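Read the structure below first, then the notes.
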Amino acid sequence: MPPEITRIESVEFGYELPDVGYAPNGFSIVYEPGTTTERKLFALRVETDAGVTGEYVGGNSPAAAQLNMVADYLVGKNPLDREQHWSALKRALRKYDWMGMGPIDIALWDFAGKYRDAPVHELLGTYRRSFPSYASTYQGDRNGGLDSPEAYADFAEDCLEMGYQGFKIHDWGGDWTDAEESAETVREVGRRVGDEMDLMIDPACNPVTFADALKIGKACDEMDYLWYEDPYRDGGISQHGHRKLREQLETPLLQTEHVRGLEPHTDFIAADATDFVRADPEYDGGITGAMKIARVAEGFGLDVEYHAPGPAQRHCLAATRNSNYYEVALVHPDCPNTQPPVYADDYSDMLDTVDEDGHVQVPEGPGLGVEYDWDEIYDREIGRRTYE
1458 MPPEITRIES VEFGYELPDV GYAPNGFSIV YEPGTTTERK LFALRVETDA
1508 GVTGEYVGGN SPAAAQLNMV ADYLVGKNPL DREQHWSALK RALRKYDWMG
1558 MGPIDIALWD FAGKYRDAPV HELLGTYRRS FPSYASTYQG DRNGGLDSPE
1608 AYADFAEDCL EMGYQGFKIH DWGGDWTDAE ESAETVREVG RRVGDEMDLM
1658 IDPACNPVTF ADALKIGKAC DEMDYLWYED PYRDGGISQH GHRKLREQLE
1708 TPLLQTEHVR GLEPHTDFIA ADATDFVRAD PEYDGGITGA MKIARVAEGF
1758 GLDVEYHAPG PAQRHCLAAT RNSNYYEVAL VHPDCPNTQP PVYADDYSDM
1808 LDTVDEDGHV QVPEGPGLGV EYDWDEIYDR EIGRRTYE
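Residue numbers (this note's numbering): 1458 to 1845.
Written out as structure tokens, the structure is:
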């Protein structure tokens, strides 16, 4: 008899980020000494009558709300029928942004790997087990951290010494947005480490105008940056706007972090609106959805770059030829990464996770290959939903 899902549990929990606050009139976290910010995530368990449980920690409140809409459908189903479930959930959530598909699909892949006693990347088809990483910074602050072009360049030199092969700037946001200062940061980092590292910048859609985006992009051209990501206030979704920006710049664009699903990614590529393609297993319909995007990019002859760190991203990257880097984010010289305290093994996405060559490795245990500390998660519990 095939396995059957008997129960799904979603646990919301919180944890503190020391010396982390928010930029004024902005929504991105920044270094702020003496301030503590609470972050909230969700832990998901998919229990089965086979005695094997699929697990994943991640997701946000919109994703949890969507899971609540569809979880009852999954109870009683075969957890190995991922493609069927993916298609059904895609239709069920068609009025929304599909964020709820990601965590549950990842948990189903974790189940499949444990059920077959194989890591997820082997089920996908392994291409490599180790890959280079880039250091992806917090956004800039005015609090003595990443508060000047020189501070970014100093940190880039530190990351180069640690072994990182790439460095990505998240510059200032909210009331601190300043295209001139961002352009000078691009130049200063380029002058210091541009001959030894691949460089990228992600203004996170903060620059207010197309002209601001152009100004920063011209600085990227001067310094031969590898890519320029989410350059202005359109929100990262205008195919026309990014095609026009590409016509004015030499630096490749990296887009599609903020469009959801396979077809919008495909349309963005077909419209010549990006050079590199963004995918995220949590945002884009799980490992199933992210790998579909990777294959579409491959068919167009483009590279896909997976957004954010995590075990699911590592397995996707391990099974993808047309990808260049693993993103270690968010990093800062004076405060920790935002990784939740949920791992009972030695898995880490902190700044020091890379080896001397700047590489990270894919976990080799069954499923996602990580062990979650459920006692820690339940100790930090804020709320819980169960479906059975």
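Note that beta-carbon positions come from the ideal geometry of N, C-alpha and C, so glycine has one too.
Quick caveat, the model's predicted, so the values are computed rather than measured.
What three-state label does DSSP hand T1594 in the structure shown?
-> The residue labelled residue 1594 in the question sits at position 137 within the sequence shown. Note: T1594 maps to strand in three-state DSSP.
With respect to the alpha helix (DSSP H) encompassing D1611, which residues constitute its N-terminal and C-terminal limits?
-> In the sequence shown, counting from the first residue as 1, residue 1611 sits at position 154. Start and end: P1606 to M1619.
Nearest to L1683 by alpha carbon, out of H1789, F1733 and D1809?
-> Against the sequence shown, residue 1683 aligns to sequence position 226. Taking only the C-alpha atoms, the option nearest L1683 is F1733.
Grouping DSSP H, G and I as helix and E and B as strand, with all else coil, what is F1470?
-> Here residue 1470 is taken as the residue at index 13 of the sequence shown, counted from 1. F1470 falls in the strand class under three-state DSSP.
Between the Cα of L1787 and the Cα atoms of L1671, Q1596 and E1469, which residue gives the shortest distance?
-> Against the sequence shown, residue 1787 aligns to sequence position 330. The candidate whose alpha carbon is nearest that of L1787 is Q1596.
Let me know the beta strand (DSSP E) ranges lying completely inside the region 1679-1726, each 3 residues or longer, listed in chain order.
-> 1684-1686 and 1710-1712
Can you tell me the Cα-Cα spacing of C1662 and N1525, whole angstroms?
-> The residue labelled residue 1662 in the question sits at position 205 within the sequence shown. The residue labelled residue 1525 in the question sits at position 68 within the sequence shown. Those two C-alpha atoms are separated by around 30 Å.
First and last residue of the beta strand (DSSP E) that includes D1529?
-> Within the sequence shown, residue 1529 is the residue found at index 72, counting from 1. No beta strand (DSSP E) contains D1529, which is instead part of the alpha helix (DSSP H) from S1518 to L1531.
A1727 to P1790, Cα distance in whole Å?
-> Translated into the one-based positions of the sequence shown, residue 1727 becomes position 270. Translated into the one-based positions of the sequence shown, residue 1790 becomes position 333. Whole-angstrom Cα-Cα distance: 39 Å.
Exposed unless 16 or more other CB atoms sit within 10 angstroms - verdict on V1477 | Reading the sequence shown from its first residue, position 20 is the one you call residue 1477. So V1477 ends up on the buried side.
Can you list, in chain order, the residues of its chain whose CB lies under 6 Å from that of A1507, leaving out five sequence neighbours each side?
-> Taking the first residue of the sequence shown as 1, we reach residue 1507 at position 50. Hits under 6 Å: P1460.
Distance CB(G1815)-CB(Q1622) smaller than 7 Å | Translated into positions along the sequence shown, residue 1815 becomes position 358. Translated into positions along the sequence shown, residue 1622 becomes position 165. Yes, the Cβ-Cβ distance between G1815 and Q1622 is below 7 Å.
Ends of the beta strand (DSSP E) at Q1818?
-> Stepping through the sequence shown from its first residue, residue 1818 is reached at position 361. Element bounds for Q1818: H1816 to Q1818.
Does DSSP put M1556 in a helix, in a strand, or in coil?
-> As a first step, residue 1556 must be located in the sequence shown, where it is residue number 99. Coil, per DSSP.
State yes or no: is the C-beta of E1579 within less than 7 Å of the C-beta of P1606?
-> Taking the sequence shown and counting its residues from 1, the one referred to as residue 1579 is at position 122. Taking the sequence shown and counting its residues from 1, the one referred to as residue 1606 is at position 149. No, they are not a contact pair.
Using the C-alpha atoms, what's the distance from H1627 back to D1567?
-> Residue 1567 sits at position 110 when you count from the first residue of the sequence shown. Residue 1627 sits at position 170 when you count from the first residue of the sequence shown. Cα to Cα, the separation comes out at about 32 Å.
Have a look at L1711 and L1759 and give me their C-alpha separation to the nearest angstrom.
-> Residue 1711 sits at position 254 when you count from the first residue of the sequence shown. Residue 1759 sits at position 302 when you count from the first residue of the sequence shown. The alpha-carbon atoms of L1711 and L1759 are separated by roughly 11 Å.
Between the CA atoms of Y1488 and G1630 - distance to the nearest angstrom | Along the sequence shown, one-based indexing puts residue 1630 at 173. Along the sequence shown, one-based indexing puts residue 1488 at 31. Spanning the two alpha carbons is a distance of roughly 13 Å.
With a CB to CB cut of under 8 Å and the five nearest residues on each side skipped, what residues in its chain are close to Y1740?
-> Counted from its first residue, the sequence shown places residue 1740 at position 283. Closer than 8 Å at Cβ, skipping near neighbours: M1556, G1559, E1714, R1717 and H1764.
Residue ranges of each beta strand (DSSP E) run of no fewer than 3 residues wholly in the region 1767-1796, ordered along the chain?
-> 1783-1788
Buried or exposed by the 16-neighbour rule on C-beta atoms within 10 Å, applied to N1794 = Start at 1 with the first residue of the sequence shown, and residue 1794 comes out as number 337. The residue is buried, with at least 16 neighbouring Cβ atoms inside 10 Å.
Okay, do the region 1495-1506 and the region 1461-1473 touch, 3+ Cβ pairs below 8 Å being the bar?
-> yes
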